[in-house]
Each structure stands twice: as C-alpha cells, then as structure tokens.
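Enquirer:
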Amino acid sequence: MSAARSPRSGRAGRTDPLAWRRAEPAPLMLLKGPEDHAARWVTDRVTQALRERHGQLEIHRLRAGEYQAGQLATAASPSLFAEPTLITVEGLEAMNDAFLEDALRLVQQGPGADDVTLVLRHTGGNRGKKLLEAVAQAGTVVECVPLKKDEERLAFVQAEFRDRRRRIDEEAARALIRATGASLTELAAACAQLVDDTEGVVTVETVDTYYSGRVEATSFAVADAALEGQAARAVSLVRHAMATGVHPVMITAALALKARQVARMIDARRPAAELPSLLGVAPFQVRYIQQAARHWTAAGIAQAVEWIAQADAEAKGASRNPEFAVERAVIRVATAVSR
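In our numbering, the protein residues as written are 330 to 668.
(1) Using only alpha-carbon positions, find the residue among Ala355, Glu603, Ala368 and Leu357 that is nearest to Trp349.
(2) Does the beta-carbon of Ala546 have 16 or more other beta-carbons within 10 angstroms, so that it is buried, or is it exposed?
(3) Going by other Cβ atoms of all chains shown within 10 Å of its Cβ, with 16 needed for buried, is Gln438 buried or exposed?
(4) Are the stretch 392-401 and the stretch 428-438 touching, with three or more C-beta to C-beta distances below 8 Å?
(5) Note down the Cα distance separating Ala622 from Ile630, rounded to an integer number of angstroms.
(6) For Glu472, which of helix, strand or coil comes out of DSSP?
(7) Would you call the stretch 514-533 and the stretch 486-498 touching, i.e. three or more CB-CB distances under 8 Å?
(8) Any idea what DSSP makes of Met669, helix, strand or coil?
(9) Can you find at least 3 beta carbon pairs, one from the stretch 604-615 and one from the stretch 628-642, that sit closer than 8 Å?
(10) Could you have a look at His569 and say whether DSSP puts it in helix, strand or coil?
(11) Scan the stretch 365-429 and note each continuous alpha helix (DSSP H) run of 4 residues or more that stays entirely inside, going in chain order.
(12) Out of His624, Ile660 and Gln620, which one is the CA nearest neighbour of Ile637?
(13) Report, in whole angstroms, the separation of the C-beta atoms of Ala560 and Thr664, which I expect to be a contact under 8 Å.
(14) Is the beta carbon of Leu293 sitting closer than 8 Å to the one on Ala423?
(15) Measure the C-alpha to C-alpha separation of Glu387 and Thr414 and round it to an integer number of angstroms.
(16) Assess, as a yes-or-no matter, whether the stretch 474-489 is touched by the stretch 444-455 under the definition of 3 or more beta carbon pairs within less than 8 Å.
(17) Just reading off the beta strand (DSSP E) that Thr527 is part of, what are its end residues?
(18) So, with DSSP's three-state summary, where would you put Thr446?
(19) For Ser548, does the count of other Cβ atoms within 10 angstroms reach 16, so buried, or fall short, so exposed?
(20) Tell me where the alpha helix (DSSP H) around Gln632 begins and ends.
(21) Could you give the distance in angstroms between the alpha-carbon of Ser331 and the alpha-carbon of Ala583?
(22) With H, G and I counted as helix, E and B as strand and the rest as coil, what does DSSP make of Ser338?
(23) How far does the alpha helix (DSSP H) with Arg589 in it extend, from its first residue to its last?
(24) Rounded to the nearest angstrom, what separates Val591 and Phe490 at their Cα positions?
(25) Distance check for Glu515 and Arg390, CA to CA, integer angstroms please.
(26) Taking the alpha carbon of Val578 as the point to measure from, which residue in Ala552, Ser406 and Ser565 has its own alpha carbon closest?
(27) In angstroms with no decimal places, state the Cα-to-Cα distance between Arg493 and Val474.
(28) Distance check for Val655 and Glu643, CA to CA, integer angstroms please.
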C-alpha cells in the first residue's frame with residue numbers, strides 16, 4: 330500500500346446503489362454504510378481476487394472496538410514467507426482511540442510494504458470522521474447502502490442470475506423479492522438456490538414452487554391473488570398454505586392488511602411521494618397496491634373488509650372449521666373484484 334501503488338481516490342456507489350458489485354481490489358478500501366451483504370460481497374471478491382493473483386495470501390481480521398495498540402503495524406509488516414497480506418477491520422463505527430491513532434498513522438504514512446491490502450468497514454455515524462476523510466483522500470470508498478426502490482432490488486436479482494449465466498423473468502424476479510422480504514442476504518441466497526436447483530429460465534411458477542410454503546410468502550401470496558381477482562390461483566395457494574402448516578389467522582391477517590392498503594389507495598388524494606407513508610409500506614411496494622386497487626371500488630373493498638373480519642373471527646375460535654371459513658373468504662374476495 331505504498332504511495333506508488335495507491336489508487337486514484339474514488340467513491341464507488343455514490344449515485345448507483347449497486348456500484349459495489351463492480352468494486353475492484355485496491356490497496357486501501359473503505360466499505361461505508363449499513364448494508365452487510367454488500368460489505369461481505371466486496372470483501373469476498375477482494376479476497377478471491379488476491380488469492381487468484383498471488384496464490385498465497387496472509388489474512389488478518391481485526392475489530393476496531395477491541396483493537397490493541399500496534400496490531401495494525403504488526404499485521405502490515407512483511408511476513409516470514411513474503412506472502413501478500415490482506416487486513417480486514419470491522420466495526421469502525423465503534424473504534425477505540427488506539428485504533429484511531431494507529432489507523433491514521435498507517436493511512437497517512439503507508440505501511441511500508443507494497444503487497445498489503447487494507448479493507449475497513451464503517452456502518453455509519455460520526456465516530457472516526459478524521460480517519461474516514463483521510464481514507465477517502467488516499468483510497469477507495471465503496472458505498473454499501475440498502476436497496477430501497479423496487480427497481481434497485483429487481484436489478485440486484487437480475488445481476489445475481491447474470492453472474493451465474495442464467496436468466497429470470499421480470500415477474501418471477503418481482504415475485505422472489507416479495508417472497509424473501511427486505512434482506513439482501515436472503516434474496517441472494519434465494520437466487521443461488523434457484524440457480525442450483527433449476528434449469529433454463531426461472532419463471533413465476535418456479536418461484537411459487539420453491540417459496541409458496543414459507544409463512545411470510547404464502548399468506549401474502551394468497552392475499553395478493555385474492556385482491557387481484559385471481560380466484561383459481563388464490564384458492565390453490567390458500568389450500569397449499571394451510572396444508573403446509575400456515576395458520577388460518579396468518580392468512581386472514583395478510584388479507585386484512587392488503588385490503589386496508591387497497592382501501593387507503595382508493596381514497597388517496599396524495600402526491601406519489603407521500604403514498605409509502607400513507608400506506609405504511611416501502612416505496613417499491615406501492616406499485617403492487619396500485620395494481621390491486623384498480624380492480625376495486627370503495628363499496629366493493631368495504632364489503633371485502635367485512636368478509637375478511639368475519640373469517641378472522643372464525644379463524645380465532647368462532648368456527649369449528651376455520652380452514653373452511655378462510656377459504657370461503659378468499660373465494661368471496663377474489664370473485665367480488667370490480668363489483
């Protein structure tokens with residue numbers, strides 16, 4: 330990490346939240362931001378690239394909050410067998426004074442070895458601001474930010490498949506996002522599973538096969554299908570859900586939530602930027618609620634809410650056959666679309 334090898338200062342991801350996928354190894358790197366998956370991905374990429382380049386690699390892993398004076402200098406010193414060195418430091422947001430002092434010295438003076446790579450991780454906050462500024466001047470900053478928009482998550486899924494020389498339909502990708510939730514780690518794992526377990530283009534049917542048994546996916550998949558008037562699909566999903574252990578109350582809860590969101594959307598007279606707050610959802614979810622709301626009138630969704638409330642009461646003990654009560658509500662809602 331000598332001055333001769335220092336890269337031109339850069340900031341990956343300032344405007345593109347997926348720019349971290351293009352990050353290349355540099356002698357001094359700061360992974361800045363709260364997205365753990367992005368930081369792990371970049372660290373793994375750097376580690377793999379250095380091993381491919383050099384064959385052997387000496388790795389030191391430190392935590393800035395538990396740091397003891399002199400550890401950085403020791404790790405950056407030439408190894409006995411002259412192997413290249415990778416130093417990763419986690420938890421800069423909680424760094425102690427000893428680390429701050431040693432890290433500033435190392436960044437400003439260089440470690441004295443040309444084959445040292447230093448990767449620092451800071452999840453956020455103002456701790457160590459002087460060090461962060463020094464690293465930004467001398468090295469490369471990779472922004473590890475959460476993906477908040479629908480299109481950003483879609484681009485992430487498509488990139489995961491493209492990296493593995495596979496393709497996923499756009500609607501299948503959107504279904505996978507809904508099924509796995511907000512965690513990029515879970516979303517990446519789901520992409521890897523589908524690539525490993527399937528062949529050809531991944532479709533919506535493929536995603537349903539693998540993820541309709543999950544509680545968080547199944548209950549909301551039932552609600553989505555019912556509120557969009559897909560009666561046959563809704564019935565199939567609700568039967569599969571209850572057969573695989575999803576409690577009827579989970580399904581009525583999802584139906585009630587979706588119905589309330591549709592009702593709010595129908596009544597909404599707000600700018601688009603205010604809809605996520607009004608509906609209580611992430612921005613990328615607004616589009617799905619808008620699609621469902623097109624099928625409903627105010628009177629129709631009010632009737633659907635009543636049916637769902639009745640089914641919820643029956644699922645919680647008012648009926649001896651809660652499964653039948655929930656399926657009946659799903660059929661009523663799905664066949665009431667556009668009335």
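Even for Gly, the Cβ is constructed at its ideal location relative to N, Cα and C.
These figures come from a predicted structure and were not determined experimentally.
Expert: In brief:
(1) Ala368
(2) Note that Ala546 has pLDDT 49, beneath the 50 cutoff, so the model's placement of it is unreliable and the number below is only indicative. When all chains shown are included, Ala546 counts as buried.
(3) exposed
(4) yes
(5) 9 Å
(6) strand
(7) yes
(8) Since the first residue of the chain shown is 330 and the last is 668, residue 669 is not available in this structure.
(9) no
(10) helix
(11) 365-383 and 400-405
(12) Ile660
(13) 5 Å
(14) In the structure displayed, the chain extends from 330 to 668; residue 293 sits before or after that span and is not available.
(15) 5 Å
(16) no
(17) Where Thr527 is concerned, there is no enclosing beta strand (DSSP E), given that its DSSP letter is neither H nor E.
(18) strand
(19) buried
(20) Ala627 to Ala642
(21) A caution first: Ser331 carries a pLDDT of 43, below 50, which makes its placement in the model too unreliable to give a value.
(22) Unreliable positioning characterises Ser338 in this predicted model, as indicated by a pLDDT of 44, which lies under 50. The coordinate reading is nonetheless provided below. Coil at Ser338, not helix or strand.
(23) Pro577 to Asp596
(24) 33 Å
(25) 25 Å
(26) Ala552
(27) 23 Å
(28) 8 Å
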